[in-house]
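What follows is a single structure, written as structure tokens, with notes after it.
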Amino acid sequence: MNNRRVIVKVPASTANLGPGFDTLGMALSLYAWIEMSAAETTTFRLYGDQMQGIPTDKSNLLYKVAQLVFDEAGVSVPELDVAMYSDIPLARGLGSSASAIVGALAAANALIGSPLTDHKLFQLATELEGHPDNVGASLFGGIVVSAWDGERADYVRLAPHEKLETLVAIPAFQLATEKARHALPSQISMADAVFNVGRSSLLVAALASGELGLIRHAMRDRLHQPYRAPLIPGMSAILEQACEYGALGAALSGAGPTLIAFVDADSKSKSELEQFLLATLKQEGIEAETMWLKPGEEGPIITVEDAPAPAPGLMERIKGEVVR
């Protein structure tokens, strides 16, 4: 293991998909890369604008997650050399923390010969994240339907429809998940609970069967989006009107503030939809960046090699890829 180096490419994710609060997630074609190897002294190399403010000592999340894997496997690797680059914006509702957790779990597990199963990694990731939707999508790729009772997480993976694309509008401000959760009521009515069970079930069936035309009706939600809308000016108008501009459906991505529209790849209204999202947010004084993203088909892509010191580093490898 002394010379072993692991590089993991892990996808971003969108969660909830409207009504599937804490249960539905989908991987997206936006990525973070983590490189990990055993070392004599722990060091961190963090690259990219998304890494600002991340600790570079043993309080770093990647280090703590890796040590959890080693403890679980009964192995000691106290010192690590870790590098990370990410295109996933922090605190924007695109699963940045889940991708870091999954990437660190996968890297640490591969570093010691992969003694932990994907099922075990999913349990650890869910416990660390507090819900299974984002971590499930980043770990297994595709669309993940999941449930967690506080002790055990279960999931089913669905392959995304070949015509499904997404457009995300990422506002130029962060929204902490904790703040977004504080906006939610502690109780809801029976009518709203039944509404969401029906919509979430319909959405899973629509995604599983390829009935994309049902998405606009199935993505409606009464559990969290109405309560979070005041935190994101323009959100209500976008969710109500996106289908008029060519979307299959629209939702708040995770806890926000990113908004996501599902789109048919053959749509002739992509430019119109993009302008609608940007203009609606701008009318509220919010600058935003848009990205066209495909569902991510795969979870972590892991490269393990015996790496002498002169071998190419993380950034050299990423430069050889199309980052987005």
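FYI, in my numbering the residues of the sequence shown are -2 to 321.
Where a beta carbon is used, it is the ideal one built from N, C-alpha and C, also for glycine.
Classify residue i: buried if its beta carbon has 16 or more other beta carbons within 10 angstroms, exposed otherwise.
i, result
"M187", "exposed"
"K267", "buried"
"Q120", "buried"
"D130", "buried"
"N0", "exposed"
"V191", "exposed"
"D218", "buried"
"G90", "buried"
"G17", "buried"
"R149", "exposed"
"P227", "exposed"
"A169", "exposed"
Where does residue i sit, in a helix, a strand or coil, going by DSSP?
i, result
"L65", "helix"
"F18", "coil"
"P52", "coil"
"M216", "coil"
"I4", "strand"
"V320", "Any reading at V320 must be qualified, since the residue scores a pLDDT of 39, below 50, and its modelled position is unreliable; the value itself is stated next. Coil at V320, not helix or strand."
"V165", "strand"
"L290", "strand"
"G126", "Checking the sequence, you will find Glu at residue 126 rather than Gly. Residue state, collapsed to three classes: helix."
"E32", "strand"
Do residue i and residue j have their C-beta atoms closer together than 8 Å?
i, j, result
"G347", "L270", "With the chain covering only -2 through 321, there is no way to say anything about residue 347."
"L290", "L245", "no"
"I51", "A104", "no"
"A205", "A215", "no"
"L59", "A97", "yes"
"L172", "G92", "no"
"A29", "I85", "yes"
"L136", "A156", "no"
"G231", "Q280", "yes"
"G207", "H158", "yes"
"F41", "V79", "yes"
Using 8 Å for Cβ pairs, my map puts residue i next to residue j. What's the rounded Cβ distance?
i, j, result
"V99", "V7", "5 Å"
"I229", "T277", "With a Cβ gap of about 11 Å, I229 and T277 do not count as contacting."
"A101", "V132", "About 11 Å; that fails the 8 Å criterion."
"L249", "R225", "6 Å"
"K160", "A262", "5 Å"
"L211", "D189", "At roughly 20 Å, the Cβ-Cβ gap does not stay under 8 Å, so L211 and D189 are not in contact."
"A134", "G22", "4 Å"
"P163", "V260", "The displayed chain sequence assigns Thr, not Pro, to residue 163. At roughly 7 Å, the Cβ-Cβ gap stays under 8 Å, so T163 and V260 are in contact."
"L77", "M33", "6 Å"
"I140", "P292", "7 Å"
Identify the residues that DSSP records as bridge partners of residue i: which are they?
i, result
"V194", "Bridge partners of V194: none, in fact."
"P112", "Note: P112 sits in no beta bridge, so no partner."
"F119", "DSSP lists no partner for F119."
"T38", "DSSP lists no partner for T38."
"D151", "A144"
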